[in-house]
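Structure first, commentary second.
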Amino acid sequence: MTIRLIIVDDDPLVRAGLTLMLGGAEDLQIVGEGADGRDVPELVARHAPDVVLMDIRMPHVDGLTATERLRALPGAPEVVVLTTFHADEQVLRALRAGAAGFVLKDTPPAEIVAAVRRVAAGDPVLSPAVTRQLMTHVTEQRERPDRRATAAGRLTELADRERDVAVAVGHGRSNAEIASELYMSVPTVKAHVSRILAKLGLNNRVQIALLVHDAGLIDTDRND
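The sequence shown begins at -4 in this note's numbering and counts up one residue at a time.
And the structure:
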């Protein structure tokens, strides 16, 4: 399967470098480029990409705002945020907006290609430095009673088995690992994940994991 990709970055040299690097992969096809977040809706409508590689800092509409607007649309492509910055608030805003990946620009080329492939396949991707910062930030934030209570309240909408799956997602388990752990088939796990996303109004597994962490369930459930 060929993965259709759009690159959005205000630096033409960065776009050229990414196009050269990613275009060398046989299963990736660069179908469009944009210089600002305001270009994204038209590019997506015209080219129907599978993944958008999105910079954060752009002059008119930044990448985080563009991601929020794009992921609110039905049938939106996945978004990988690619940036030189990795402040906690940017990571959280990008992930809560529905981005499926957050990769630093100094990530080796092969890993960026792999990230695009994984996101296209439905697997979230975070670079190790971003993951460490994210978990630290979430640990601090979930100590706030208001955030924990709000997250826990949202999770009461789930049936018991759906909650079990959500907690497993929060632990970073794959569908196959969840199936083995909870004694169900992989298609059943996928169905539960789809229902969780629909019930909670979420876009992807990363947002499920964030909500579970916010609710403090990783502390109260088994974590190995």
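Glycine included, every Cβ here is placed at the ideal spot set by N, Cα and C. All values reported here derive from a predicted model rather than from experimental measurement.
Asked                                                                                                    : Found
Element boundaries [alpha helix (DSSP H), containing ARG156]                                             : 155 to 165
Exposure of GLU28, with buried meaning 16 or more beta-carbon neighbours within 10 Å                     : buried
Span separating the alpha-carbon of THR(-3) from that of HIS55                                           : 31 Å
DSSP beta-bridge partners of LEU65                                                                       : For LEU65, which the question treats as bridged, DSSP gives no partner whatsoever.
Beta-carbon proximity of LEU206 to LEU150, cut-off 8 Å                                                   : yes
Cβ pair count under 8 Å reaching 3, the stretch 61 to 80 against the stretch 168 to 184                  : no
Nearest to ARG113 (by Cα), restricted to the options ALA163, VAL9, ALA193 and ALA95                      : ALA95
Buried versus exposed call for ALA40 [16 or more other C-beta atoms within 10 Å across all chains shown] : exposed
Host alpha helix (DSSP H) of MET16 (start-end)                                                           : 7 to 18
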